[in-house]
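Colleague: Following this message is one structure expressed as structure tokens.
Protein chains: 2
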Amino acid sequence: MAVTLRDVAARAGVSPVVVSRVLHNKAQAIRVSDATAERVRQAAEELGYRCNVAARNFRAQQTMTIGILHGSGFARPKLNEGSRYFACLMDGLIEGAFRNGYSVTLCPQLLSDAPESAMGDGRFDGLVWYSSVSSDANLGALARCSVPLVLIHSRTAQFGSRHSAVLCDNEQGIGGAVEHLVELGHRRLAFAMDVSPLNLESLDRLAVFRRHCALHGIETGDRDVLEVGWDRREVDSYFRGGLRHTALIAHNDGLAAEFLNRAKDFDIDVPGQFSIVGFDSTSFCDELRPTLTSISQPLREMGECAIDFLVRTIQGELPEPVEQIFPCGLDIRESTAIVGDRT
Amino acid sequence: MAVTLRDVAARAGVSPVVVSRVLHNKAQAIRVSDATAERVRQAAEELGYRCNVAARNFRAQQTMTIGILHGSGFARPKLNEGSRYFACLMDGLIEGAFRNGYSVTLCPQLLSDAPESAMGDGRFDGLVWYSSVSSDANLGALARCSVPLVLIHSRTAQFGSRHSAVLCDNEQGIGGAVEHLVELGHRRLAFAMDVSPLNLESLDRLAVFRRHCALHGIETGDRDVLEVGWDRREVDSYFRGGLRHTALIAHNDGLAAEFLNRAKDFDIDVPGQFSIVGFDSTSFCDELRPTLTSISQPLREMGECAIDFLVRTIQGELPEPVEQIFPCGLDIRESTAIVGDRT
DNA sequence: TTGGCTGACTATACCGATATACTAACCGCT
DNA sequence: AGCGGTTAGTATATCGGTATAGTCAGCCAA
């Protein structure tokens with residue numbers, strides 16, 4: 001059996017409370033004489049005492065654990081960009097959590113009834129929700145959630161939800177990319193997204209795309225929006241149908257990479273005949289040839305910010321939900337060029 | 344405050360123990376009459392009772408949580424393959440853990456004293472160690488660990504360690520790749536690895552590479568082993584120095600990708616002049632052009648196996664440490680071809 | 001001498017679920 | 001009636017810290 005406070009107390013010849021004060025409770029340690037404190041510390045050292053964190057947290061009615069509700073597995077087949085995106089975000093989440101003394105548990109929503117059970121079973125002090133949110137089931141879960149929750153990439157204020165949110169500035173990101181392409185002379189633009197009608201972020205990006213095209217006098221219809229399924233078959237058929245556009249913005253890097261590679265297979269010159277812009281600007285962009293121009297978002301910082309909001313909410317310092325929108329950048333690499341500029 | 348067992352008990356007019364039996368303890372539920380059980384269930388339903396998992400686990404002296412000790416952040420700059428590799432592994436770990444009713448917490452070793460504290464503070468029922476292990480500090484930590492621990496990709500039996508391990512068959516993987524290259528007529532082979540003297544896995548793969556080269560009468564010296572640092576500068580200088588080999592095996596896909604892309608930048612034809620084999624065969628390989636031939640290992644299964652070993656150890660079903668070696672495959676793609684075969 | 005005060009420590013209860021031991025009622029059987 | 005056995009419950013202690021209240025000696029001032 002493990003060494004407990006009581007064991008240390010017995011060896012030091014004091015009561016458990018004193019040991020607790022000396023070893024854990026900095027604030028109350030002043031109420032113990034130096035000599036006793038030293039005896040306690042020595043006894044603890046000799047016995048190799050380690051605080052049972054589970055017991056402490058239970059008493060304090062907290063878990064010091066944050067749950068990350070994410071959509072699915074990390075490494076989705078053919079959706080590798082999910083892992084890249086998630087990796088950057090996770091780095092921020094973990095870093096932020098550890099800095100605040102919290103640890104992080106992953107809750108894949110697809111596994112059993114993870115979200116429902118995570119939200120009220122006392123396992124978490126708070127939750128970060130990174131997933132699409134517009135299904136009724138999801139919204140219901142969000143509404144019933146009994147612990148603080150912060151959303152990443154999902155604004156649910158419109159549904160009457162009372163959770164804080166961390167977002168990126170699609171307006172600036174997509175808008176900047178459209179501007180960049182227009183400056184290069186492009187007038188026939190397409191927008192590519194995964195088929196997932198419930199992903200509000202995609203829909204928002206699409207809306208911004210359309211608006212900015214309109215601003216530059218470019219009309220966009222249904223044929224300019226390319227919805228691509230799991231198996232990416234649609235990318236093939238798009239190119240097979242003949243090149244209808246001179247440039248494309250994809251709503252993530254993985255999708256952009258698919259277009260980039262398939263274009264090459266169809267002997268379409270990128271960027272000579274066809275410019276491509278991705279979204280996320282993960283380091284993956286540099287591993288493609290041509291390297292991929294991509295809209296960047298500060299994923300790591302966003303993750304840290306989400307944790308920050310969450311911790312402050314848990315500690316009662318954030319009575320009202322807040323929203324933080326992070327700026328996007330545009331990392332111009334080789335996959336965008338002046339229209340018709342065969343290199 | 345949350346609804347507790349006592350609240351339900353009061354409403355149903357029974358003692359808390361009965362409620363516990365009805366709602367949680369399947370085995371003892373038979374000791375309760377149907378009518379009472381129904382009353383209890385209804386009271387729980389009406390009050391919206393949710394079991395406090397933390398309390399239950401504390402009582403049972405368990406946490407139902409597994410800690411994953413991993414080397415560093417997910418998204419290491421310029422080491423993106425780390426995230427891909429880790430993503431596949433994590434999928435297996437999470438899946439396996441959830442299937443067994445455990446949740447998974449990430450413990451980046453670089454953050455504070457994570458490994459030391461994780462090993463004895465009662466937060467975890469068991470640990471999975473995925474990291475290089477040959478530093479003294481690491482070995483010391485492993486030896487002192489007070490909960491069951493399973494190693495991935497590290498065999499520490501040689502250090503007198505008493506932990507189970509999950510490995511991949513480097514012999515078969517590297518050996519098969521060498522064979523493949525020799526069959527294609529290659530006689531001048533190189534092996535590329537990250538600079539990390541403590542990574543036993545790398546050293547093992549290198550040793551296997553050398554042995555299999557020797558088997559085919561190919562001599563290998565220091566100049567045939569390319570050690571590449573964080574910033575990958577060495578890849579550049581390798582090509583700048585003129586092509587000394589006709590084929591290269593890299594100890595992971597990310598490194599292979601770097602060689603593949605830099606070769607292109609130096610106008611070296613892959614695979615015409617230079618064949619490249621990666622390791623891991625993540626879906627990333629299909630996103631490169633040419634697509635990357637790579638040694639595959641069943642990362643997901645390995646993750647699940649590690650959890651399986653761990654859970655069985657925790658439950659006392661695995662008194663002795665075991666070792667499972669998973670077979671490697673070779674996914675032949677476009678980056679390897681007959682020597683000098685300009686396409 | 002008494003009361004008040006401080007410093008250093010102890011005693012007790014508690015967080016919420018559950019293992020364990022115990023009780024009370026009832027049945028059947030000799 | 002008395003005994004053993006079963007059924008359906010209750011009472012209590014416990015996991016390991018820690019909040020809270022309480023104790024008690026020593027000292028000083030009135």
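In the order they appear, the protein sequences are chains A and B. Using the numbering used here, you'd call the opening residue of the first sequence number 1 and step up by one each time. Using the numbering used here, you'd call the opening residue of the second sequence number 344 and step up by one each time. For glycine and all other residues, C-beta sits at the position ideal for the given N, C-alpha and C. Remember, it's a predicted structure, so these values are computed and weren't measured experimentally.
As a quick exercise: from A:V339, A:V228, A:E334, A:I325, pick the residue whose alpha carbon is nearest that of A:L151.
Modeller: Checked all of A:V339, A:V228, A:E334, A:I325; the closest Cα to A:L151 is A:I325.
Colleague: At a Cβ threshold of 7 Å, is A:D121 touching chain B?
Modeller: Yes, A:D121 lies at the interface with chain B (some Cβ there is under 7 Å from its Cβ).
Colleague: Hey, would you say A:A247 sits closer than 7 Å to A:L189, going by beta carbons?
Modeller: The answer is yes: Cβ separation under 7 Å.
Colleague: CB-CB under 7 Å to B:I339, same chain, minus the five flanking residues each way: which ones, in chain order?
Modeller: An answer regarding residue 339 of chain B cannot be provided, because it is not within the stretch 344 to 686 covered by chain B.
Colleague: Locate the beta strand (DSSP E) running through A:L255, then write down its first and last residues.
Modeller: Note, A:L255: premise wrong, no beta strand (DSSP E); alpha helix (DSSP H) at 253-265.
Colleague: What span of residues does the beta strand (DSSP E) with B:H413 cover, start to end?
Modeller: It spans 408-413 - the beta strand (DSSP E) in which B:H413 sits, taken as one unbroken run.
Colleague: Take B:L569 as the anchor and find which of B:C671, B:I592, B:R554 has the nearest alpha-carbon.
Modeller: The residue with the shortest Cα to Cα distance from B:L569 is B:I592.
Colleague: Cβ of A:N100 less than 7 Å from any chain B Cβ?
Modeller: Not an interface residue.
Colleague: With 16 as the cutoff for other CB atoms within 10 Å, does B:E438 come out buried or exposed?
Modeller: When all chains shown are included, B:E438 counts as buried.
Colleague: Any Cβ of chain B within less than 7 Å of the Cβ of A:T63?
Modeller: Interface residue, yes.
Colleague: Which value, in whole angstroms, describes the spacing of the CA atoms of B:H594 and B:G621?
Modeller: Computed Cα separation, rounded: 6 Å.
Colleague: What three-state label does DSSP hand B:I681 in the structure shown?
Modeller: Residue state, collapsed to three classes: coil.
Colleague: Would you say A:F274 faces chain B, with C-beta separation under 7 Å as the test?
Modeller: Not an interface residue.
Colleague: Find the residues of chain B that neighbour A:A55, judging by a C-beta separation of less than 8 Å, and give them in chain order.
Modeller: The answer, in chain order, is F401, G465.
Colleague: Excluding the five sequence neighbours on either side, which residues of its own chain have a C-beta within less than 7 Å of the C-beta of B:D547, listed in chain order?
Modeller: The residues are N513.
Colleague: Mind pulling the chain B residues with CB within less than 8 Å of A:A29?
Modeller: Those do not exist, as A:A29 stays about 20 Å from chain B at its closest Cβ, beyond 8 Å.
Colleague: At which residues does the beta strand (DSSP E) containing A:Q324 begin and terminate?
Modeller: Taken as a continuous stretch (DSSP letters only), the beta strand (DSSP E) holding A:Q324 covers 323-326.
Colleague: List the residues of chain B that A:T4 touches, going by C-beta distances under 7 Å, in chain order.
Modeller: Those within 7 Å of A:T4 in chain B number zero; the least Cβ separation is about 10 Å.
Colleague: Between B:N395 and chain A, is there a C-beta pair that is closer than 7 Å?
Modeller: Cβ-Cβ to chain A under 7 Å: yes for B:N395.
Colleague: For B:P670, does the count of other Cβ atoms within 10 angstroms reach 16, so buried, or fall short, so exposed?
Modeller: Classification of B:P670: exposed, given that the 10 Å Cβ count is below 16.
Colleague: What does A:R289 touch in chain B if you count any residue whose Cβ is under 7 Å from its own?
Modeller: Those within 7 Å of A:R289 in chain B are N604, K607, R632.
Colleague: What number of angstroms, rounded off, separates the C-alpha of A:D231 from the C-alpha of A:F86?
Modeller: One C-alpha to the other measures close to 20 Å.
Colleague: If you draw a straight line from the alpha carbon of B:A397 to that of A:M119, how long is it in whole angstroms?
Modeller: In a straight line, the C-alpha of B:A397 is about 13 Å away from that of A:M119.
Colleague: Report yes or no: do the stretch 371-379 of chain B and the stretch 309-320 of chain A share at least 3 C-beta pairs separated by less than 8 Å?
Modeller: No: the two stretches stay apart, fewer than three of their Cβ pairs being nearer than 8 Å.
Colleague: Nearest by alpha-carbon distance to B:S474: which of B:I675, B:E663, B:L366, B:A508 is it?
Modeller: Closest option to B:S474, Cα to Cα, is B:A508.
Colleague: Just by C-beta distance, which residues in the stretch 512-535 of chain B are closer than 9 Å to chain A?
Modeller: Here the close residues number zero.
Colleague: Based on the DSSP secondary-structure assignment, which residues constitute the bridge partners of B:A508?
Modeller: For B:A508, which the question treats as bridged, DSSP gives the partners B:L494, B:E666.
Colleague: Please decide whether B:D447 counts as near chain A, where near means a Cβ-Cβ distance under 7 Å.
Modeller: Note that residue 447 of chain B is Val in the sequence shown here, rather than Asp. Yes, because at least one Cβ of chain A sits closer than 7 Å to the Cβ of B:V447.
Colleague: For A:V339, which residues from the same chain have a beta carbon less than 7 Å from its beta carbon, with the 5 sequence-adjacent residues on both sides left out?
Modeller: So the qualifying residues of the chain are L184, G185, H186, T246.
Colleague: By DSSP, does A:G348 sit in helix, in strand, or in coil?
Modeller: Look at the range of chain A in this structure, 1 to 343, and you will see that residue 348 of chain A is not part of it.
Colleague: Going by C-alpha to C-alpha distance, which of A:L127, A:G241, A:H216, A:A10 sits closest to A:E46?
Modeller: Comparing Cα positions, the closest option is A:A10.
Colleague: Are there 16 or more other CB atoms within 10 angstroms of the CB of A:S237, so buried, or fewer, so exposed?
Modeller: Exposed, because fewer than 16 other Cβ atoms sit within 10 Å of the Cβ of A:S237.
Colleague: Would you kindly check if the distance between the Cβ of B:I619 and the Cβ of B:L673 is under 7 Å?
Modeller: Result no, Cβ atoms of B:L673 and B:I619 do not sit closer than 7 Å.
Colleague: Please compile the residues from chain B whose C-beta is within a distance smaller than 7 Å of the C-beta of A:E94.
Modeller: The residue asked about is misnamed: residue 94 of chain A is Ile in this sequence, not Glu. Chain B residues near A:I94: L449, P451.
Colleague: Can you give me the start and stop residues for the beta strand (DSSP E) that B:M645 sits inside?
Modeller: From DSSP, B:M645 is part of no beta strand (DSSP E) but of the alpha helix (DSSP H) over 642-657.
Colleague: Should B:C431 and B:R676 be called a contact, given that it needs their Cβ atoms to be closer than 7 Å?
Modeller: Not closer than 7 Å, so no.
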